[in-house]
Amino acid sequence: MWLWSLRLQPPVLKEPKLCEALMCLTEILDLFHSLQYESDSWEEHIRILRIITHVFLPHIGLSGVEEDCFSKILPKAVTMFHRLMKEITDQVGGLSSQNTELRDFLRTVLQVSLQTFVTRRSVLQGLTNGFTKRLTLQAMAQIIDALSTCVHHVNSLEETPDLHLIRSLPMCILTVLKETFQHCKDSEVVYCGRLSLVADLLQGLFKEAYALHKGLLEVLDKISLDSRASDEEVSDIVTVIHSLLDICSVISNLDIALHANTWKFLIKQSLKHRPLVEEHLRHGDLSSSLCDNLLTSFHNCVELAEQIQHAGLQDSTQSTEYKLFQKTAKMCRFFANTLIHYIKEFKYFLTKYCSRFHQLYLQIVTKLPPSLCAPALPAALSGELSAAAAVPMDAFLLQLLPLGQFADVVLQVDLQLNPDQELPHCLLLASIMGQLTSQPEEVLQLWYAGNQFPEETPRLPLYKAIFDSFRRCDVERKVPVLLPGVMLKGQAQARVSLHRHICVQLCASIAALPPKHFPMLERCLIDAVLQADTQTALLATDAWCFTARYGSAELCFHHVLLVAQLVKTCPTECYRMSHLGILLKRLVFLMTPKHQEQLMEHFPPSELENRAVWDNILFGALSQDTRLRAEADMISLAQNALTDWRNSGYKMVQVDQVNVALSSLLSVVRGQPSPTAQPAVEMITEVWLRMSPAQVRSCPVLQDTLQLLLSVTAALVKNAEPHILCQALSCLDAVVSGTCPDHLLLAALDFLSSMGKVFVPPESQSQVLPKLSGLFGVLLADKSWLVQQHALEAFSFFAENTNHEEVISQSLCVEETKTRVVRFLSKVSISSTADFFLFLITRTVAVTCLRLLQTLSPQENAELRLQRLREESPVLQKFLQKLQSAETACSPPAAESEAAVASEVSLFPERTLNWVMRSCRFASLASLALSG
């Protein structure tokens with residue numbers, strides 16, 4: 001009957017009764033459990049719970065503690081804890097400094113909760129009996145006290161516990177800890193403006209929960225499962241890991257050390273039991289949580305760095321703000337390294353989450369230099385931020401390279417990115433390209449080859465993806481963004497453009513590329529050369545020239561033959577001819593003399609069908625013998641064409657032959673002086689004498705002839721007779737006075753600028769100089785931005801070289817033209833501007849120009865320019881896509897296609913359209929005339 005008397009006695013057994021109870025411990029525990037579940041009285045329930053945990057638990061061995069005690073009392077204890085926490089939440093609304101009874105009640109709840117986290121048997125002796133709510137608080141205190149006692153008991157045992165022997169303990173404690181931490185985290189919302197009344201107790205409650213959390217981790221760390229573990233044990237350890245993950249999501253903003261230690265333990269347990277749990281873990285939640293924590297820490301670092309900069313504390317390394325920044329950066333580095341380690345161990349379970357990893361990389365790099373979205377930070381802060389986030393990203397990528405799903409995400413065909421993420425994606429591809437040099441063949445095949453079978457996810461080859469990504473970074477190319485150069489002789493190279501950075505990475509990758517991947521490289525290079533964006537084509541040209549130079553002479557020769565054949569079959573008036581011509585010019589420089597001779601055999605200059613090939617070869621790149629042979633063949637071809645024209649009576653139907661002759665001459669005379677100059681002068685003299693200004697104006701077919709004549713004459717201007725120059729100016733004046741295509745005007749400007757090199761004899765000055773100044777005046781006032789820009793450049797060159805000063809002042813008679821010239825000059829370097837104005841002072845127009853300088857509108861600042869470039873970028877991309885589609889489809893002629901595409905963007909402001917067209921200058925027929 002002594003057992004029933006316990007219901008009426010204080011919760012301390014007398015010694016004789018204790019000894020009697022220990023003799024039949026199992027039977028007594030069963031009776032207590034029965035009483036616990038049968039009782040409806042909280043007071044009685046609490047007395048029984050305390051007797052079990054404080055009196056009987058220390059005498060229960062490890063083998064029986066789960067079955068006899070934990071499994072029976074802890075679930076009921078957790079239920080009571082939930083109810084108690086709900087009651088606190090319900091009652092807190094009436095808390096105020098005036099409501100002393102309720103305030104004392106809640107403080108007592110928290111105080112009891114705080115004190116019962118430690119193993120002290122006298123914990124309830126100071127509580128007074130009175131209010132029913134106080135009994136509820138006593139229940140909460142007993143629950144937490146029981147958990148602390150259980151943890152202390154298991155830790156005190158010398159035996160190493162098996163999980164199945166204490167399986168109820170971690171589950172229940174983790175549930176209570178999560179709810180406690182959540183209550184602390186939500187305290188500002190729960191208590192609203194009343195938090196100050198219980199803030200000290202909440203802080204203490206958190207500290208004691210922290211200690212209980214630490215004690216539980218010590219218990220769990222002792223547990224070790226082997227291959228003989230049961231499915232139930234595996235399920236339990238998986239549940240523990242997932243519960244710790246849930247707690248991590250709660251405590252992320254509470255305490256940095258607690259958060260980090262919990263993650264360390266979580267990852268440690270995952271790796272410790274990896275063979276057993278790897279197929280059961282929520283890898284998506286784990287990796288996503290690590291990504292979120294890394295991103296949050298990184299963004300916090302960026303915000304703190306900006307705050308430090310704004311407060312001017314970047315040099316105060318001992319300030320509170322700077323220390324907080326360093327601590328946050330350390331957490332950022334911790335999460336980055338933890339994520340890398342987790343991916344390394346479980347990468348093949350993370351294939352479904354590769355898109356998240358890709359976005360993580362982009363989101364981090366977007367906030368770091370050279371991204372246009374990165375804040376401008378002092379070097380010290382930027383360096384620490386980079387060390388915390390950017391440096392680990394290389395190791396991060398290294399772990400992801402073998403994953404085919406990651407390659408599918410990064411190399412997908414129609415990748416849609418935020419405009420601010422285009423540069424980070426380009427840098428991602430460059431980094432991958434640099435890391436592939438140390439990878440096995442199967443990884444190289446994954447990235448370099450693209451998808452091999454129709455049923456595979458469409459995937460671009462890496463090189464094509466890089467060129468496409470670089471093409472989309474048009475805003476960053478125009479700003480331009482700058483990146484660190486490579487190390488050179490132990491010294492860091494100066495910061496370089498995006499073009500140069502990617503080019504260096506491309507060349508390094510090509511140098512290490514296995515031979516089996518060269519066919520794909522060549523296809524990617526030719527695709528990049530043939531697309532519409534000129535700077536991307538130039539990047540591909542740079543990489544192609546490195547490939548030809550780094551490889552054998554036979555490889556270079558093979559590439560020249562390939563490109564020459566493409567040039568031969570390509571339509572003349574298209575951007576592809578311009579790009580291929582640039583490539584061919586550069587490749588010929590890399591050929592051996594023997595291969596240059598063989599090139600002449602494959603494409604004889606004397607044959608008309610090969611004219612396009614030799615029009616795009618600089619004769620100065622050829623060896624002396626080869627050059628002389630080629631020039632002789634081209635001159636002979638031109639002379640034969642002119643002879644046929646002469647013999648036919650200079651008929652208009654044979655003007656095309658004249659154009660062939662002039663095109664051949666232009667290929668010969670441009671560049672270095674040649675012994676063939678005199679025959680060329682004789683031929684152009686003959687043609688000029690047959691050109692009539694009235695006929696040129698009335699016959700559009702002669703305008704192509706005039707364009708070629710002007711280009712050849714500009715190269716031979718010092719050898720031309722004054723009357724020929726006068727004839728050229730007369731024909732030009734007749735054409736310019738009416739409607740004239742841009743490409744003809746550009747050739748005219750080349751000719752006009754070359755006139756600065758010659759001195760006109762006095763007897764011819766009255767005929768030549770007025771026409772010269774008149775033409776400059778008309779072209780400087782032209783409405784086309786392209787003609788205007790080239791007119792300014794031509795006039796500047798002419799003014800710097802001419803001896804006829806009066807032409808300068810006579811060309812600037814119109815006030816608007818003067819303003820335009822000065823604005824153009826103000827954009828060059830200060831020294832050049834000063835030199836030019838010093839030159840103008842000697843020519844009597846300096847006063848006017850200096851006065852105009854004072855009225856110039858201020859230039860747009862960097863922010864406005866960046867905004868404008870971002871607005872223009874989608875217009876430019878649309879233009880290039882339409883242009884490329886039109887040319888690929890071989891629809892209308894190039895000029896008509898470009899006009900049709902341009903009309904689609906005509907709704908945009910004129911300023912925007914002008915900048916679009918300027919970016920596409922090589923894609924227009926006007927600039928095509930200058931590409932030679």
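Numbering (UniProt numbering), first residue to last: 1 to 932. Note that beta-carbon positions come from the ideal geometry of N, C-alpha and C, so glycine has one too. Nothing here was measured: the structure is a model prediction, and the numbers come from that model.
DSSP beta-bridge partners for residue i?
i      : result
LEU483 : VAL496
GLN412 : ARG459
State buried or exposed for residue i, treating a residue as buried only when at least 16 other CB atoms are found within 10 Å of its CB.
i           : result
ARG646      : exposed
VAL189      : exposed
GLU66       : buried
CYS574      : buried
SER113      : Note that SER113 has pLDDT 47, beneath the 50 cutoff, so the model's placement of it is unreliable and no number is given.
THR317      : exposed
ASN861      : exposed
LEU840      : Bear in mind that a pLDDT of 38 at LEU840, under 50, signals an unreliable position, so the number given afterwards is only what the model happens to contain. Counting Cβ neighbours within 10 Å, LEU840 comes out buried, since at least 16 surround it.
ALA630      : buried
GLU218      : exposed
residue 967 : Because the chain in this structure spans residues 1 to 932, residue 967 falls outside the shown range and cannot be described.
ARG274      : exposed
ARG83       : exposed
VAL481      : buried
SER227      : exposed
ARG865      : exposed
LEU385      : buried
GLN657      : buried
Let's see if you can read the secondary structure: which residues bound the alpha helix (DSSP H) around residue i?
i      : result
PHE346 : 320-346
LYS185 : 168-185
GLY61  : Here GLY61 belongs to no alpha helix (DSSP H), and DSSP marks it neither H nor E.
GLN421 : Counting along the chain, GLN421 falls outside any alpha helix (DSSP H), and DSSP gives it neither H nor E.
LEU372 : From DSSP, LEU372 is part of no alpha helix (DSSP H); its letter is neither H nor E.
ASN861 : Where ASN861 is concerned, there is no enclosing alpha helix (DSSP H), given that its DSSP letter is neither H nor E.
PHE797 : 785-801
GLN314 : GLN314 -> no alpha helix (DSSP H), and no H or E assigned at all.
GLY777 : 762-780
VAL365 : 354-366
GLN654 : That residue, GLN654, is in no alpha helix (DSSP H); it is neither H nor E in DSSP.
MET634 : 624-647
PHE824 : 815-825
ASP394 : 391-400
MET80  : 71-91
GLY620 : Per DSSP, GLY620 belongs to no alpha helix (DSSP H) and is neither H nor E.
LEU385 : 379-385
ALA612 : 611-615
ARG477 : 474-478
ILE808 : 805-811
If residue i sits next to residue j, beta carbons under 8 Å apart, how far is it from one beta carbon to the other, in whole angstroms?
i           : j      : result
residue 934 : VAL760 : This structure does not reach residue 934, given that the chain is present from 1 up to 932, and the question cannot be answered.
LEU521      : ILE510 : 7 Å
PHE396      : LEU339 : 7 Å
LYS222      : THR149 : The Cβ separation is near 18 Å, so there is no contact.
ILE502      : ALA430 : 6 Å
Residue ranges of each alpha helix (DSSP H) run of no fewer than 4 residues wholly in the region 213-289, ordered along the chain? 231-251, 256-272 and 274-277
Secondary structure, alpha helix (DSSP H): runs of 4+ residues fully inside the region 522-594: 534-550, 553-569 and 575-589
Could you give the uninterrupted runs of the alpha helix (DSSP H) lying entirely in the region 665-743, keeping only those of 4 residues or more? 677-690, 693-698, 701-715 and 722-736
Could you name each continuous beta strand (DSSP E) segment of 3 residues or more that falls completely within the region 427-460, going from the start of the chain to the end? none
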